[in-house]
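The next block holds one structure in the form of structure tokens; read it before the comments.
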Amino acid sequence: MIRAPDAMLQQKHAIRRSVCAACFMRPVGSDWFPGEIARCCEGTCPIFTNLHILKQVAARRAAEPAQQQITRRICATCAHATAGGASCHRRDYQSCPLSLYQDRVLELLSEDRPLDRRETTIEPAC
Ligand code: SF4
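The numbering of the sequence shown is numbering that gives the first Met the number 0, which starts it at 0 and goes up by one.
This is the structure:
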């Protein structure tokens, strides 16, 4: 599917290039994917399924620590966490992509990238 470009789409592309390319959960053979191509794991990935919340978290970091916001707004409703997001075996065993890569994701979501009209998304590819 091809969509019109926008700022969030460009940030998605940046996350795919910077985070997904090195993610421990990336599908075999997807290392070469450019930012325009989504991996098949994206639909259930806690980073991509919470992208709009993470964008807000990035914008509010000065008012409330990012980890506190993520625990309250994302982990609290995650099926893998308990105790209102305070306890999570996936976080403890470093098997949650959001927990592992949240600093880089928030950094990318904080960047104001100039709009490139050539950017589109083709998804998913695996
Ligand atoms: S699990 Fe998430 S971060 Fe990892 S490759 Fe898949 S979509 Fe990217």
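Beta carbons are placed, not taken as given, at the ideal position from N, Cα and C, and that holds for glycine.
With 16 other Cβ atoms within 10 Å as the buried cut-off, status of residue i
i, result
"Thr81", "exposed"
"Ala6", "exposed"
"Ser109", "exposed"
"Tyr100", "buried"
"Lys70", "It is Thr, not Lys, that sits at residue 70 in the sequence shown. Looking at its Cβ environment, which holds 16 or more other Cβ atoms inside 10 Å, Thr70 is buried."
"Gln68", "buried"
"Val27", "exposed"
"His88", "exposed"
"Ala58", "exposed"
"Gln93", "exposed"
"Gln55", "exposed"
Opposing strand residues paired with residue i [DSSP bridges]
i, result
"Ala80", "Cys87"
"Ile52", "Answer is none; Ile52 lacks a bridge partner."
Expected contact under 8 Å - CB spacing of residue i and residue j to nearest Å
i, j, result
"Gly34", "Arg16", "4 Å"
"Ile46", "Pro96", "6 Å"
"Cys40", "Met24", "6 Å"
"Ile14", "Val104", "6 Å"
Meets three-Cβ-pair contact criterion under 8 Å: the segment 77–93 and the segment 53–64: When C-beta atoms of the segment 77–93 are compared with those of the segment 53–64, fewer than three pairs fall below 8 Å, so the two segments do not count as touching.
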